[in-house]
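Listed in order, the protein sequences are those of chains A and B.
In this text, residue positions in the first sequence follow our numbering: the first is 1376, and each later residue adds one.
In this text, residue positions in the second sequence follow our numbering: the first is 82, and each later residue adds one.
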Amino acid sequence: MSEQAKLASGDQASAQPALRDRLLSAAYRHNAPFLLVLVFCAVAVVGGFVIRDLQAANAEAETMYAGSVHGLQRIGELQYDAQETRRATLYALTTSDSNLQVEYADQSRNADQRVKDAIVEYTRQAKRPAENALATRLSQDWGNYLTIRDEVLASILEGSNKEAVSRDLSGGVPSFELVRKDLDEVKALYDDDASQRLANVVATSHRSALRLIGILGFTFLLSSAAVWAIQRSRMLNAIQLAKLQMEFVASVSHELRTPLAVLSSAADNIADGLVEGKAELRKYGGVLQNQSRRMSGLVDEILLFASTEDGKNRYVLQPLAVSRIIESVVASSEALTQGEGFVIVQQVDSALPPVMGDLSGISQCLQNLIGNAVKYSGDSRWIGIRASAGPAEHAPGQEVRISVADRGIGIDRSEIEQIFDPFYRSPRINAAQIHGTGLGLALAKRIAEAMGGKLSVVSELSVGSTFTLHLRIAKGEDLQTATGSRSASSSIS
Amino acid sequence: MMPMRRLTAFAALLALAMGLRADVRATPGADFGPTPEQAALLEPLAIVVNRSNPVNGLTSSELHKIFLGDRSHWTPDRRITLVMREPGEAERKTILRDVCGMTEDQFKTHFLHGLFTGEILVSPKILASPTGARKFIYNVPGAIGYLRVSDVDDTVKVLRIDELLPNDRSYKLRVDARQVGK
Chain A
1376 MSEQAKLASG
1386 DQASAQPALR
1396 DRLLSAAYRH
1406 NAPFLLVLVF
1416 CAVAVVGGFV
1426 IRDLQAANAE
1436 AETMYAGSVH
1446 GLQRIGELQY
1456 DAQETRRATL
1466 YALTTSDSNL
1476 QVEYADQSRN
1486 ADQRVKDAIV
1496 EYTRQAKRPA
1506 ENALATRLSQ
1516 DWGNYLTIRD
1526 EVLASILEGS
1536 NKEAVSRDLS
1546 GGVPSFELVR
1556 KDLDEVKALY
1566 DDDASQRLAN
1576 VVATSHRSAL
1586 RLIGILGFTF
1596 LLSSAAVWAI
1606 QRSRMLNAIQ
1616 LAKLQMEFVA
1626 SVSHELRTPL
1636 AVLSSAADNI
1646 ADGLVEGKAE
1656 LRKYGGVLQN
1666 QSRRMSGLVD
1676 EILLFASTED
1686 GKNRYVLQPL
1696 AVSRIIESVV
1706 ASSEALTQGE
1716 GFVIVQQVDS
1726 ALPPVMGDLS
1736 GISQCLQNLI
1746 GNAVKYSGDS
1756 RWIGIRASAG
1766 PAEHAPGQEV
1776 RISVADRGIG
1786 IDRSEIEQIF
1796 DPFYRSPRIN
1806 AAQIHGTGLG
1816 LALAKRIAEA
1826 MGGKLSVVSE
1836 LSVGSTFTLH
1846 LRIAKGEDLQ
1856 TATGSRSASS
1866 SIS
Chain B
82 MMPMRRLTAF
92 AALLALAMGL
102 RADVRATPGA
112 DFGPTPEQAA
122 LLEPLAIVVN
132 RSNPVNGLTS
142 SELHKIFLGD
152 RSHWTPDRRI
162 TLVMREPGEA
172 ERKTILRDVC
182 GMTEDQFKTH
192 FLHGLFTGEI
202 LVSPKILASP
212 TGARKFIYNV
222 PGAIGYLRVS
232 DVDDTVKVLR
242 IDELLPNDRS
252 YKLRVDARQV
262 GK
C-alpha cells in the first residue's frame, strides 16, 4: 500500500515512520553532503569554543600570575622599605660621626619616601571597602611613626642618644608595631584576594571543562545522528532500489508476457491449422508483427537505459533546427497516437534558433514524453507540443524549450521529485493498472542531461502535466564547426 | 750694621702691617661693603636654619653669641645645635673671622674651655660637605649653620642678618668664590 493510501486510510501511526523514511531518503538523495557540512560546521564551532575557552583560561591565569607576582613584589618591597626606614634610623645611633648620622638619616628618609609612594599606589588600587579602610589606616599609622622617627633622628643628630632611645622606645616602637600589623593585614587581604582569584580561575577551568565535555558530547551525538541518518537513508535507498527492481522485473515480465501470450496463442492457432484463408493469415501476421514490435521496443528501452547507467556520453552534439526535431518526433510517434484518436497540437515559435543536441537522443527523449502523455492523458486524448525560446533558468543567455503537455490525470505534488527515479512507478498508477517499466522519464532525463540540457515538469493532479526539455542554443562557434562538417551531415534543414 | 738694622726695621713694619690688616678684617660688624671688583670674587655665605624654626633673622651680635655657644637655646624647649664645616674650609674661616672674631685655635680653645666649665652644653657638629651640613640642618629642628648661597636649597631657611639677605649688596658674610676646599 502506498504512503498516500495509508494517509488516506487514516493510518497515522504507520504514516509517521513512512514520512521519516521519506525524509531520510530525501536527505540521502539531496542533503548527505549538507549533513557532512553540518557535522564539519559543528566540529568547527566546537573547535572555536575550545580555542576561545583555552584563550580565556590562559588569559585569566596569566593575569592572575602577573597580578600575584606584582602584588607580592609590592608587598615585599613595602615591608622591606618600612623596615629599612626604621633600621637606618637605628643605625644612626651606632655612630657619633655626624656625617655618617646624616647619611643614615638620608637613607631612612629615602626608604620612607618609597613607603609613602607604595601606600599611595596601594590606596589608588584599593577597590574593596576593607582595602580602602586599611590604606587610610596604614597611611595614618605611617605618618605617626614618621613624626616620632623625625624626633628620634633629630635627637640622634643633636647628640642626645639617650633622649633618642627613650623617645624611640616610648613612641617609635609602638607606632612601628601598628605599621607592622597594618602591613600584615595588607598581606592577609592580598592573600584573600589571591585565593578568590585562584578560586575564579579554578571555577573558570571547571566551567570550561564542563562546557568542553558538553560540546564534545553534543558534537558526538550530532555526528552519530548524521552518520545514522546517512546509513539509514542508504539502507532505505537500497531497499527502495531493490523494491523498485523487483517491481521492474514484475512489470517487465508482465509487459513481456502479454505480447508473448498473444504471440504464443497466434502461433498455436496457426500451427494447429485453425487459421484459414489468406485474410485470416494476414490478420494473424499483423498481430504477430505488432506484438513483436512492442516486445522489441520494450527490450530496446531497457537496453538503452542500461547503456546510460555507466554515465558515458554517447551523443554527438550538433546544431539542429527545432522544426526538424518536432517533425521527426511527431512522425516517429504516429504509431503511438494513430488509431487512438489523439489530437496533437503543435505550436512552434517562428525563427527559433538552432539548438545543440543529438537528433536521435532528442527524438528518443521527446518520444518518451509523448508516450508518457499517451499513457496518462486519460480520456482527453489531447497532446500539446510547444517550442519556444526564452532566458535560460540556470545559465546566462537564452535557451530553447520544447514542451509536451497533456490534460490527463496529473502527478501528485509529493511524487514530483520521484518520477524521474529509475523504476519508480506511482502506486496510483499501478492501482489504475497502467502498464509501464518506470524507465521512460528516467531515461528522458538522462538523455537531456547528457546533451547539456534539462528536463523539468509542471503538473497538477487531475489537470494535466507539462514536461519541458530545455536545450542549449547553438552559438557561433558551434555553427562554424557544423558548417565545416556539413558536407558529411546536413543536420540543419 | 746698617743692613741688619734696615732688615729688622722692615720685618717690624711688615709684622705691624700684617697685624693691622688682620685686625681690620677680623673686626666683627665692620661696615665696609665689598667693592664691585671684590664682589665679583666673593660669594655670599648664608646663615641657614631648619625650616620649622620660627626665627627669620638675627643681628650680628646674636649670631656671634650663637656661634660662640654663649646662647644655647632658641626657646626654652628648643636647643640650638651648631653646625660647622671642618677646619680649613673657606666657609668656616669666614665665620670664625667675620662672626666669631677668632682664629681656629682661639675658637677651639673657647669651646674646650666652655665645655670644661659647663658654660657650653654641646660642641658644634662638624660636617664634611655642604650637602651634609644642609641635610643635618634639614633633620634637626634646632640646627643652625652656614652655606654658600649656591649650596642653599628649599630644604633649609636662610636667615636675615642685620635685616640683610645674602643677595643684598651690603651683606657682609662673604667667602672667596675661588676657594672651594681646604
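Positions of the beta carbon are idealized from the N, C-alpha and C atoms, including for glycine.
Bear in mind that the values here come from a model prediction, so they are computed numbers and not experimental data.
Within the same chain, show all residues whose beta-carbon is closer than 7 angstroms to that of residue i, passing over the 5 residues directly before and after it, in chain order.
| i | result |
| --- | --- |
| Ser1628(A) | none |
| Glu1630(A) | Leu1673, His1810 and Thr1812 |
| Val1723(A) | Val1697, Ser1698, Ile1701 and Ala1762 |
| Leu1744(A) | Val1779, Ala1819 and Phe1842 |
| Arg1542(A) | Ile1523, Glu1526, Val1527 and Ser1530 |
| Ser1321(A) | Here chain A covers residues 1376 to 1868 and nothing more, so residue 1321(A) does not appear. |
| Gln1742(A) | Val1704, Ser1707 and Ser1708 |
Which partner residues does residue i have in the DSSP bridge list?
| i | result |
| --- | --- |
| Ile1610(A) | For the sequence presented, residue 1610(A) should be read as Met rather than Ile. In the DSSP output, where bridge partners are listed per residue, Met1610(A) has none listed. |
| Met1731(A) | Pro1694(A) |
| Met165(B) | Ile207(B) |
| His1565(A) | The amino acid occupying residue 1565(A) in the given sequence is Tyr; His does not appear at that position. DSSP output for Tyr1565(A) lists no bridge partner at all. |
| Pro125(B) | Arg255(B) |
| Leu245(B) | Ile242(B) |
| Ala1762(A) | Val1723(A) and Ile1777(A) |
| Trp1757(A) | Val1718(A) |
| His154(B) | Arg160(B) |
| Asn1485(A) | None; Asn1485(A) has no bridge partner. |
Is residue i close to chain A? Criterion is C-beta to C-beta, closer than 9 angstroms.
| i | result |
| --- | --- |
| Gly169(B) | no |
| Ile207(B) | yes |
| Asn134(B) | no |
| Leu173(B) | Strictly speaking, residue 173(B) in this sequence is Arg, with Leu absent from that position. It does not: the Cβ of Arg173(B) has no partner Cβ on chain A nearer than 9 angstroms. |
| Phe192(B) | no |
| Gly150(B) | no |
| Lys216(B) | yes |
So, helix, strand or coil for residue i, using DSSP?
| i | result |
| --- | --- |
| Arg1847(A) | strand |
| Ser1834(A) | strand |
| Asn1474(A) | helix |
| Glu1676(A) | helix |
| Val1718(A) | strand |
| Leu1497(A) | A small fix is needed here, since residue 1497(A) is Tyr in this sequence, not Leu. DSSP places Tyr1497(A) in helix when its eight states are reduced to three. |
| Met1826(A) | coil |
| Arg1572(A) | helix |
| Thr1812(A) | coil |
| Gln1742(A) | helix |
| Phe1842(A) | strand |
| Tyr227(B) | strand |
| Ile1784(A) | coil |
| His1769(A) | coil |
| Val221(B) | coil |
| Leu1558(A) | helix |
Return the CA-CA distance between residue i and residue j, expressed in angstroms with no decimal places.
| i | j | result |
| --- | --- | --- |
| Gly1592(A) | Gly1422(A) | 13 angstroms |
| Val69(B) | Leu163(B) | Within the shown structure, residues of chain B are numbered from 82 to 263, placing residue 69(B) beyond reach of any answer. |
| Ile1426(A) | Gly1736(A) | 57 angstroms |
| Ala1600(A) | Gly1753(A) | 45 angstroms |
| Asp151(B) | Glu143(B) | 9 angstroms |
| Leu1528(A) | Leu228(B) | 22 angstroms |
| Arg173(B) | Val1495(A) | 43 angstroms |
| Thr1683(A) | Arg1821(A) | 7 angstroms |
| Ser1626(A) | Trp1757(A) | 26 angstroms |
| Thr1579(A) | Met1439(A) | 13 angstroms |
| Glu1655(A) | Leu1638(A) | 15 angstroms |
| Val1775(A) | Leu1816(A) | 20 angstroms |
| Ala171(B) | Val1477(A) | 22 angstroms |
In chain order, what residues of the same chain have a beta carbon less than 6 angstroms from the beta carbon of residue i, not counting five sequence neighbours either side?
| i | result |
| --- | --- |
| Pro1728(A) | Ile1848 |
| Phe1680(A) | Leu1814 and Leu1818 |
| Met183(B) | Leu177 |
| Glu1459(A) | Ala1486 |
Is the CB of residue i under 9 angstroms away from at least one CB in chain B?
| i | result |
| --- | --- |
| Asp1548(A) | Note that residue 1548(A) corresponds to Val in the displayed sequence, not to Asp. No, Val1548(A) lies away from the interface with chain B (no Cβ there is under 9 angstroms from its Cβ). |
| Asn1474(A) | yes |
| Leu1521(A) | no |
| Gly1446(A) | no |
| Leu1453(A) | no |
| Ala1480(A) | yes |
| Val1477(A) | yes |
| Ala1529(A) | yes |
By Cβ distance below 8 angstroms, which residues in the same chain neighbour residue i in space, the five residues on each side in sequence not counted?
| i | result |
| --- | --- |
| Thr1498(A) | Asn1507, Ala1510, Thr1511 and Ser1514 |
Any Cβ of chain E within less than 9 angstroms of the Cβ of residue i?
| i | result |
| --- | --- |
| Lys238(B) | Any reference to chain E falls outside this structure, whose protein chains are A and B. |
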